[in-house]
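Number of protein chains: 4
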Amino acid sequence: MSMNAFGHLFRVTTWGESHGPALGATVDGCPPGISISEADIQRWLDRRRPGQNKYTTQRQEPDAVEILSGVFEGKTTGTPVQLLIRNTDQRSKDYSEIAEKFRPGHADITYWQKYGIRDPRGGGRSSARETAARVAAGGLARAALAELAPKVKITGYMVQMGPHHIDRSRFDATEIERNPFWVPDREAAVEWADYLDGLRKSGNSVGAVIEMVASGVPAGLGAPVYGKLDTELAAAMMSINAVKGVEIGAGMGAAELTGVDNADEISMGPDGPEFSSNHAGGILGGISTGQEVVVRFAVKPTSSILSPRKTITKSGAAAEIVTKGRHDPCVGIRAVPVGEAMMACVLLDHLLLHRGQIGDAGGRIG
Amino acid sequence: MSMNAFGHLFRVTTWGESHGPALGATVDGCPPGISISEADIQRWLDRRRPGQNKYTTQRQEPDAVEILSGVFEGKTTGTPVQLLIRNTDQRSKDYSEIAEKFRPGHADITYWQKYGIRDPRGGGRSSARETAARVAAGGLARAALAELAPKVKITGYMVQMGPHHIDRSRFDATEIERNPFWVPDREAAVEWADYLDGLRKSGNSVGAVIEMVASGVPAGLGAPVYGKLDTELAAAMMSINAVKGVEIGAGMGAAELTGVDNADEISMGPDGPEFSSNHAGGILGGISTGQEVVVRFAVKPTSSILSPRKTITKSGAAAEIVTKGRHDPCVGIRAVPVGEAMMACVLLDHLLLHRGQIGDAGGRIG
Amino acid sequence: MSMNAFGHLFRVTTWGESHGPALGATVDGCPPGISISEADIQRWLDRRRPGQNKYTTQRQEPDAVEILSGVFEGKTTGTPVQLLIRNTDQRSKDYSEIAEKFRPGHADITYWQKYGIRDPRGGGRSSARETAARVAAGGLARAALAELAPKVKITGYMVQMGPHHIDRSRFDATEIERNPFWVPDREAAVEWADYLDGLRKSGNSVGAVIEMVASGVPAGLGAPVYGKLDTELAAAMMSINAVKGVEIGAGMGAAELTGVDNADEISMGPDGPEFSSNHAGGILGGISTGQEVVVRFAVKPTSSILSPRKTITKSGAAAEIVTKGRHDPCVGIRAVPVGEAMMACVLLDHLLLHRGQIGDAGGRIG
Amino acid sequence: MSMNAFGHLFRVTTWGESHGPALGATVDGCPPGISISEADIQRWLDRRRPGQNKYTTQRQEPDAVEILSGVFEGKTTGTPVQLLIRNTDQRSKDYSEIAEKFRPGHADITYWQKYGIRDPRGGGRSSARETAARVAAGGLARAALAELAPKVKITGYMVQMGPHHIDRSRFDATEIERNPFWVPDREAAVEWADYLDGLRKSGNSVGAVIEMVASGVPAGLGAPVYGKLDTELAAAMMSINAVKGVEIGAGMGAAELTGVDNADEISMGPDGPEFSSNHAGGILGGISTGQEVVVRFAVKPTSSILSPRKTITKSGAAAEIVTKGRHDPCVGIRAVPVGEAMMACVLLDHLLLHRGQIGDAGGRIG
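Line by line, the protein sequences are chains A, B, C and D. In terms of the working numbering, the first sequence has 1104 at position 15, counting the first letter as 1, and numbering is strictly consecutive. In terms of the working numbering, the second sequence has 1348 at position 259, counting the first letter as 1, and numbering is strictly consecutive. In terms of the working numbering, the third sequence has 1359 at position 270, counting the first letter as 1, and numbering is strictly consecutive. In terms of the working numbering, the fourth sequence has 1395 at position 306, counting the first letter as 1, and numbering is strictly consecutive.
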């Protein structure tokens, strides 16, 4: 019911604003006995951390996580884990302009419409900074998955930036960590760098598509009909700031397929059923097939741009606004570790739900 | 927590299998005093009902809804409303083949992998027939919206079938109810009829994209950061059978936009803020802007086709299967009323959530 | 979130009014593969059924349960189970008086205050008849417990009626099913029969205390700090009509104990830890100890009595009311099977929650 | 679903262990625009704070609360409020004994049985220290109630300590804050001081009964049939450490009443319905009547006592244990502010739920 929480058995509530003293994630329901340290979580936060290259905001935040509860002598105890991240780069800049004028494309106006009050500092709760808490929770989820379902491997990467798509014939997973865009295509990385440089210099921004693949997911995770694995993944991804579309497997392209093309034929392999293709994205009827689970989501361009835009003030007067400050020309870049974190949380949650109702680890054939 | 339920304050649990005695929706949390009759709900069910033209399954089901509780003398009492639909066309056909062989693209294999048991009659719980219960619940949600937020108007229609898109310059909402595809484009309806006839005769099927627009939605509905209105709409749509992608506003296309293009500039109109465009799909930061809420989803082609496909049996032996029977060549057609119903449920739920936390009807400017 | 539902993984939503066409329970999350038939559930309903002796209401209801979904060939499938009970004895009696006047001690006035509308027929949703749905759901929970935790045995009985207490030195469990009061004390049964006869003839009624004991509950069920097993049992019992108090173990009497008396000392037995006493009622820190789980609850006297009471009408005018009709002089009698059913549901739910988070069946010592 | 959370729209998750770095409450769903400061919350924490007199533990904790999120310029923003309390008096005492031996009456053994791991420092999560987080959340709930339902007044006090009951003919609310026991009876306070001194010196402890009264609660709060106001109050109170029984109105004593005695007759007063008595404790059918809501709960004696008790070690060996350290001879004393806090949270939550479903502030007569 909680609006700032997600998950059922592995339940994550994030809290905190961009420029308040701290933000964090309260994680309830983590299995006990999972080995975890602040360093284990920090490595995931460091991947998302801003200021690492010229394509992400120059805000300097160490994003150092503190574990305040739920862990004793390096193991989770099964009680709530509080993951706290202090905000250190809270520049006392003048936010009076955005307190009065609504920035187009931002949530300033809707928070005001809803609550009649808001924390305008750096976007407050609607800031992309909130996603740091998700990444921290995802780090804990990954640690639990590593013990409960060690075959699960989650990999996220960018497949599109503006009009530029990767060439799947050049797909090379080892490239992902070697470029600032998490692109699995060395040539694309070079081209996109030029493209994004141009946008950045002109004060513009652009959208992107992120793809995530989870391999090693046991067959049987998910449930009818609103607790479907794809339903929960779609919600998890759509809840990330700036996401406007989510796809599973063939995604929106499924509309163009015929039934003959779309059928992933089944055969028996050494470790269980195998499929001739994966239009389903690893999910049928909301339940995992044992294939790779494939999710994509589109991130809109950063709304903070240097071109002046028309807007209104809180009192309804016409105005213009330019969003100065430190911003990402392609906020999709930093969405990669966030998407991975959300996927880890959803998979762990459904693993626990499955064993709660069914009592095993999933999969009955082979 | 319930896997077969959705919504928070307006909470819908659907139950029932395709070929069991009945199916239905248990709706908890409906506001009291809402005028409702079985006929009010029946009109929405009739739009979804199969067998109305040659493009939908020839299964003959009256889909007659009975209200078993929660309504007294034509008004909701605020207690749970049980909406029951009997299955009447339960042909005692031989389902031994699909009890043994898994149909590619269907949930047969995943239900088996998960539960180790399933109801194979007509797909059981994973049948599209489950969506009748959602449409019934949606009918109740619409009745409540009509009293609580009478300006809200929800319209769904098809915008793509296979490779064919509507021509938005010909968009005519009055056409939607005049053709079997719910297409707002008279010429498209004619062309698509030929196309789909061809597919149907060859035993093939095709996917589609449905678009839904809700106008009159007050600004302020939704909540950070997992109870976002777009998160909940994405989940609601992805939970519909055969849906593989969901978009809000610009959707996946947001990836191609630059920040300059994407910014929906704001000005003050007579009834509140107005926007120069609606790339946001009526939602910013997860909260409604007061603009039209625009959602699209892609439905994969019907998996039941006449071409033989390779598969395996429950014991893992190789096999072939042809899915005979009464099927829709484009299951996307019947997804239109289902999508509308889900949208009605989500909007009502968030209207109630908003007034629970905030105490008003949303919107503070103008 | 649903107000008419309880449980987390084993989730029961009841619906229906006393004199509507039917009532029932929608059960989501039942483990698959559980053997169940209508007869298995009927046996529990028959224990609660009214009209079996002169001490319970003479309303004649067969309370025949129908399983409408979630079961195939005698086994649960893991999908929602709909348990429907038709109301057959819907006397078309004149309920205009209770539609206008509020019966003291009944929920007439509060439903009106809350909803501004209500179903006055036989008490509508607030009727004790609603508990039939709980007993049906409890029957399913018992079937699941029988397979997942076969050592669990749940026994309820009356320990107090009005001023009369059982003599625990005469406690004989075999007596429980032999008298109309579910009293484990043969002599008490005889005395109480006379006492209740007197009350019944004078049109009066009386309260009672019910005790429930679950043996064979594995150590480890429950969770901090609001999902405690005792918290959930307290909620389950307090949710039963007319219950005004709930006790675990020493209960309210714990206030009179000193720490020296209260400490249940621990020793090691052949099957695990043993305790010198059970003031804790089998629960420490909200988690089961492996001892018997002991719960008691007090049921107030039936509010429908033949003595005229002062009241007001809907418009606030002073009035008098006598509640005629068929009523139980001690509604506590029929609360015994209801309490057992609620206990079965809570224990099953926590068994599933435990194995979801922890992955085993509970208990680590011995 | 979250096991460490309670509430629906006003949702509180507590986290943290007795001797970890900090503990706190994550509160989601607070209405926006509520005036709140750390001092407003601190005043409630100070009432619960240990070490204030010789009858509570001598642990010295300032229990200073920090608001880390959800408040801007002294007003709640409607986003999650993080209330953090640092643990400062974390004596590095040797906890090796309780890490190996289970203290009778404590949750040591059940946490071990459940999780196979636990934080033994000071009881970890099962420590009464967890209730500080509840009191902080309750402080926020009180601030919201003060604006939304200013007539609501919540008062808790002790009515029984061991064998000693207050004399209700001497009831004087002004006495409550004047003695260390929160007793509304000046003479009782004097007598009980002597009694408790004796127990304290002998290293023994005793239980207590706390009563709480909320006046000014609007009629109409609560819901059938598991979201009943009394159900939720019972759960809230039973979730407090060491509570073994909960009563509403007449409570367990309702068993001794006849229907004639129990009926709270109704008449019309100047501000709405009035009742001749309040056996119902202000709740009928789970919904508030507008009368005072009356709840009592029994707290068992502190389990930490100086008399040696028999126990076992983690490996099952027989042992003896004496619980040294700083303990409350009557933990019930500090339960008073905790019970009040839980009551505030439940009432606010149901106020929000009511206006969510119904859209008004409750009450339709008069």
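Yeah, the Cβ is synthetic: ideal placement off N, Cα and C, and Gly gets one too.
Proximal chain A residues relative to residue i, where beta-carbon distance stays under 8 angstroms
{"i": "Ile-1447(C)", "result": "Pro-1120, Pro-1121, Gly-1167"}
{"i": "Asn-1068(D)", "result": "This structure leaves residue 1068(D) out entirely; chain D is present only between 1090 and 1455."}
{"i": "Arg-1444(C)", "result": "Arg-1444, Gly-1445, Gly-1448"}
Expected contact under 8 angstroms - CB spacing of residue i and residue j to nearest Å
{"i": "Asp-1152(B)", "j": "Ala-1221(B)", "result": "5 angstroms"}
{"i": "Cys-1434(B)", "j": "Ala-1323(B)", "result": "Contact flag wrong, Cβ pair sits at about 14 angstroms."}
{"i": "Arg-1100(C)", "j": "Ser-1091(B)", "result": "4 angstroms"}
{"i": "Arg-1444(B)", "j": "Arg-1444(D)", "result": "6 angstroms"}
{"i": "Thr-1168(B)", "j": "Pro-1313(D)", "result": "6 angstroms"}
{"i": "Gly-1374(A)", "j": "Glu-1381(A)", "result": "Contact doesn't hold; Cβ gap of about 17 angstroms is too wide."}
{"i": "Val-1279(A)", "j": "Ala-1331(A)", "result": "Not a contact, Cβ separation roughly 25 angstroms."}
Partners in chain D for residue i, counting only beta-carbon separations shorter than 7 angstroms
{"i": "Tyr-1204(A)", "result": "Pro-1121, Thr-1166, Gly-1167"}
Contacts around residue i, its chain only, beta-carbon distance under 6 angstroms, and the 5 residues preceding and following it disregarded
{"i": "Gly-1211(A)", "result": "Ser-1107, His-1108"}
{"i": "Ser-1215(D)", "result": "Ala-1196"}
{"i": "Ala-1369(B)", "result": "Gly-1338, Asp-1353"}
{"i": "Arg-1267(D)", "result": "none"}
{"i": "Val-1248(D)", "result": "Ile-1255, Val-1298, Glu-1300"}
{"i": "Gly-1251(B)", "result": "Val-1295"}
Residues bridged to residue i [DSSP beta-bridge criterion]
{"i": "Tyr-1246(A)", "result": "Glu-1300(A)"}
{"i": "Met-1357(B)", "result": "Pro-1362(B)"}
{"i": "Ile-1187(B)", "result": "DSSP, once it has assigned bridges, lists no residue as partnering Ile-1187(B)."}
{"i": "Ile-1156(B)", "result": "Leu-1172(B)"}
{"i": "Val-1383(B)", "result": "Val-1302(B)"}
{"i": "Trp-1201(D)", "result": "Answer by DSSP bridge pairing: none, since Trp-1201(D) is not bridged."}
{"i": "Lys-1164(B)", "result": "Ser-1124(B), Phe-1161(B)"}
{"i": "Ser-1377(A)", "result": "Ile-1372(A)"}
{"i": "Arg-1223(A)", "result": "For Arg-1223(A), which the question treats as bridged, DSSP gives no partner whatsoever."}
{"i": "Ile-1401(C)", "result": "Ala-1407(C)"}
{"i": "Gly-1105(A)", "result": "Leu-1112(A)"}
{"i": "Ala-1094(A)", "result": "Thr-1102(A)"}
{"i": "His-1254(A)", "result": "Gln-1249(A)"}
{"i": "Val-1388(D)", "result": "Ala-1297(D), Val-1332(D)"}
Contact set for residue i: own chain, Cβ-Cβ below 7 angstroms, skip 5 residues either direction
{"i": "Trp-1123(B)", "result": "Rather than Trp, the amino acid found at residue 1123(B) in this sequence is Ile. Lys-1164, Thr-1165, Ala-1232, Ala-1233, Glu-1236."}
{"i": "Met-1431(B)", "result": "Arg-1223, Gly-1227, Ala-1325, Met-1326, Ile-1329"}
{"i": "Ile-1394(C)", "result": "Gly-1292, Asn-1293, Ser-1294, Thr-1412"}
{"i": "Ala-1262(D)", "result": "Thr-1244, Pro-1273"}
Residue i: contacting residues in chain B (beta-carbon distance under 8 angstroms)
{"i": "Pro-1313(D)", "result": "Thr-1168"}
Own chain, CB closer than 8 angstroms to residue i, minus 5 neighbours either side, in chain order
{"i": "Trp-1201(B)", "result": "Phe-1191, Arg-1207, Lys-1403"}
Interface residues of chain C facing residue i [CB-CB closer than 7 angstroms]
{"i": "Pro-1110(B)", "result": "Leu-1157"}
{"i": "Gln-1141(D)", "result": "Those do not exist, as Gln-1141(D) stays about 21 angstroms from chain C at its closest Cβ, beyond 7 angstroms."}
{"i": "Leu-1441(A)", "result": "Gly-1445, Gln-1446"}
Chain-ordered chain A contacts of residue i [CB-CB under 9 angstroms]
{"i": "Ser-1377(B)", "result": "Thr-1199, Gln-1202, Lys-1203"}
{"i": "Thr-1255(B)", "result": "Per the sequence shown, residue 1255(B) should be read as Ile rather than Thr. Here the premise fails: no neighbours, minimum Cβ distance about 12 angstroms."}
Under 9 angstroms from the C-beta of residue i: neighbouring residues of chain B
{"i": "Asn-1176(A)", "result": "By Cβ distance, chain B contributes nothing, its closest Cβ being about 17 angstroms from Asn-1176(A), past 9 angstroms."}
Residue i: contacting residues in chain D (beta-carbon distance under 9 angstroms)
{"i": "Phe-1075(A)", "result": "The structure shown has nothing for residue 1075(A), since chain A only spans 1090 to 1455."}
Per-residue contacts from residue i into chain B (C-beta, under 7 angstroms)
{"i": "Ile-1401(A)", "result": "Ile-1355, Ser-1356, Met-1357, Pro-1362"}
Please give me, in chain order, every unbroken run of the alpha helix (DSSP H) with length at least 4 that falls completely inside the region 1282–1348 of chain D.
1318–1327
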